[in-house]
Structure formats: C-alpha cells, structure tokens
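Residues 0 to 74 (numbering that gives the first Met the number 0) make up the sequence shown, in order.
By construction, the Cβ of each residue, glycine as well, lies at the ideal position given by its N, Cα and C atoms.
Computed from a prediction, not measured in an experiment: that's the story for all the values here.
See below for the structure under consideration.
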Amino acid sequence: MHPHSVSRPHDYAATDTGVPHPVYGTLSWICVVNPGYRTTARVIELLRHAHEAARARFARPNDLRSPHGGADSSA
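In structure tokens form, the structure reads like this:
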C-alpha cells in the first residue's frame, strides 16, 4: 500500500488491494475494498497506528488543562 503514489492510475474496484483514496490520497489516506488475507494484517497495523496517534494528539491538550499542570500535587 503506497498512498503517496496518487499520480499512477489505480483500479478502485480491485478487492483486497490498498490504493490511494480517490479524494484524500494526497493527504496519505488509503482505501481498501473488501480487505482479505493479503491486506488484513497491514490494515489493522495502520488503523492501530492511526488510533494511537489520535490518542496522543488528544491527550496532550488535556494535560495542559489540568489545574495542577499535569502533575499531582495532592501530597
């Protein structure tokens, strides 16, 4: 799966194949029609990575909102 190769022609009807997203491919989005044995492991890996990155982005601002600056000063 190579999301950066948006200039090549792609078969968007091909199943179990990763191709750049037809609209958001330039933003490194991919699409997979009917993931199967060839793409399932890689798709799961990419989804986990994206989820962890999103969690990290969300967690940072919340630390700044803590009344104690992210540190527990209850001791």
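{"query": "Bridge partner(s) assigned by DSSP for Thr-14", "result": "Val-32"}
{"query": "Rounded separation between Pro-19 and Phe-57 - CA only", "result": "26 Å"}
{"query": "Neighbourhood of His-9 by C-beta distance below 6 Å, restricted to the same chain and skipping five residues each side", "result": "Val-18"}
{"query": "Member of Ile-43, Ala-49, His-48 whose CA lies at the smallest distance from the CA of Pro-34", "result": "Ile-43"}
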